[in-house]
Amino acid sequence: GDDQLFYLMSRGMTEQEAMAMIVRGFIEPIARELPMEYALELNRLIELQMEGAVG
178 GDDQLFYLMS RGMTEQEAMA MIVRGFIEPI ARELPMEYAL ELNRLIELQM EGAVG
């Protein structure tokens, strides 16, 4: 977690961008197995949650 976050931020990403990338990396394999409409909704819900968590 923290090492990944630090690495991405050292490459110019904001904390929010880095956190979103890390979360998407964990969620993507799960989302691929879902029907498209569920995967899209999952991504929307995660984005909304991330917006509220950082910033």
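Take our numbering: the final residue in the sequence shown is number 232, and no numbers are missing along the way.
All residues carry an ideal CB built from backbone N, CA and C; glycine is no exception.
Check                                                                                                                                        : Outcome
Taking the alpha carbon of Arg201 as the point to measure from, which residue in Gly229, Glu224 and Glu228 has its own alpha carbon closest? : Glu224
Please classify Met198 as buried or exposed, where buried requires at least 16 other C-beta atoms within 10 Å of its C-beta.                 : exposed
Pull up the CB-CB distance for Met196 and Leu219, whole angstroms please, since I reckon it's below 8 Å.                                     : About 17 Å separates the two Cβ atoms, so there is no contact after all.
May I ask you to report which of helix, strand or coil DSSP gives Arg201?                                                                    : helix
On a CA-only basis, which of Met186, Tyr184, Gly178 and Gln193 is nearest Met227? Give me that one, please.                                  : Gln193
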